[in-house]
Ligand code: C2E
Ligand code: CA
Ligand code: CA
Ligand code: CA
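Residue numbers (full-length UniProt numbering): 324 to 602.
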């Protein structure tokens with residue numbers, strides 16, 4: 324039998340209400356996650372498309388509540404953005420990435436670079452880049468030790484103080500990547516206005532490229548323009564040989580994806596780096 328309009332509206336309201344309650348509870352638990360040491364960073368290597376060598380590590384936040392299963396950042400980051408908690412989470416990520424990098428440097432791993440993600444509301448706080456620089460300094464790190472990833476939308480809506488801060492980082496030699504390139508308010512002309520050093524082609528293009536000539540064309544154009552502007556081009560979400568072959572043919576510089584490595588804890592990264600050091 325077909326639900327009458329009233330019934331389905333009630334069902335909708337109930338579902339909506341339940342979802343709000345669930346999100347509210349989750350936000351409360353997330354607020355305590357830092358103090359309860361439930362957060363950690365995983366690192367996903369980006370390798371050279373030519374040599375397969377590890378060039379970069381993307382830091383990805385993980386939340387494993389003591390009393391339940393892990394929650395995906397795709398769920399809790401937007402929640403943290405809405406509640407404003409993203410500032411504290413973001414500070415924690417910066418601090419932890421810097422601490423880890425300083426520890427790796429001290430242990431003799433001089434090559435690894437780490438990139439952290441900065442999301443929209445985080446960057447709406449005007450002093451976020453000053454705090455990033457202070458964090459580097461506090462840990463005795465240099466401009467090349469930690470880079471940042473921002474989406475196009477964040478760049479486009481950034482105010483003048485943030486753009487000034489990005490320019491300063493850029494001139495100091497900090498790596499600045501545009502994340503999820505091609506999914507936002509993409510306009511290639513923006514590329515020349517923003518102080519960036521790299522483009523990360525969104526994984527939806529990589530996923531569809533083998534079967535879709537249009538996606539392939541967009542990727543090729545992105546690589547071409549990126550290189551003409553002196554930017555490094557990264558392909559994310561590479562899961563199979565077929566995608567990798569295409570990406571190599573397009574001359575992307577770096578590749579990131581499950582085909583090579585999943586995001587993993589610092590301990591596993593160390594074992595990888597040790598392997599690299601001894602070969
Ligand atoms: P993102 O920045 O686009 O990060 C890449 C996401 O793709 C990660 O998901 C990564 O695990 C996943 N991934 C990597 N390789 C593959 C692949 O081959 N196939 C597929 N299907 N996925 C792959 P994750 O870790 O779940 O993070 C999701 C999003 O949460 C990130 O997307 C980022 O927007 C946000 N996020 C994660 N950590 C942080 C953080 O520390 N700060 C902020 N502001 N956002 C974060
Ligand atoms: Ca990212
Ligand atoms: Ca991305
Ligand atoms: Ca994303």
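Using N, Cα and C, we set each Cβ at its ideal position, and we do this for glycine too.
Check	Outcome
Out of 465, 503, 507, 512, state which residue places its alpha-carbon closest to the alpha-carbon of residue 493.	465
Measuring alpha carbon to alpha carbon, tell me which residue in 405, 353, 538 is nearest residue 505.	538
Cutting at 7 Å between CB atoms, please list the residues of its own chain near residue 507, excluding the five before and the five after it.	474, 475, 476
Just list the beta strand (DSSP E) runs in the segment 432-491, keeping only unbroken ones of 3 residues or longer that don't cross its boundaries, in chain order.	437-440, 469-474
Nearest-angstrom Cα distance between residue 370 and residue 581?	12 Å
Quick one: complete alpha helix (DSSP H) runs, 4+ long, within the segment 480-562?	483-495, 526-531, 536-551
Consult DSSP for residue 340 and reduce its assignment to one of helix, strand or coil.	helix
Please list, in chain order, all residues with a C-beta atom less than 5 Å from at least one heavy atom of ligand 1.	383, 384, 396, 397, 400, 416, 440, 442, 560, 562, 580, 581, 586
Kindly list the residues whose CB is nearer than 7 Å to the CB of residue 481, restricted to its own chain and excluding five residues on each side of it in sequence; keep chain order.	446
Using C-beta distances below 6 Å, list every residue in its chain close to residue 381, excluding the 5 sequence neighbours before and after it, in chain order.	367, 438
Rounded to whole angstroms, what's the CA-CA distance from residue 434 to residue 425? Just pull it up for me.	12 Å
How is the beta strand (DSSP E) around residue 371 delimited, first residue to last?	362-371
Sort out for me which residues DSSP pairs residue 384 with in a bridge.	364
Does the distance between the C-beta of residue 502 and the nearest non-hydrogen atom of ligand 2 fall short of 6 Å?	yes
Return the bridge partner residues of residue 587 from the DSSP annotation.	366
What are the boundary residues of the beta strand (DSSP E) that includes residue 578?	577-579
If you check the beta carbons only, do residue 496 and residue 530 fall under 7 Å apart?	no
Apply the 10 Å Cβ neighbour rule to residue 519 and answer buried if 16 or more other Cβ atoms are within range, or exposed otherwise.	buried
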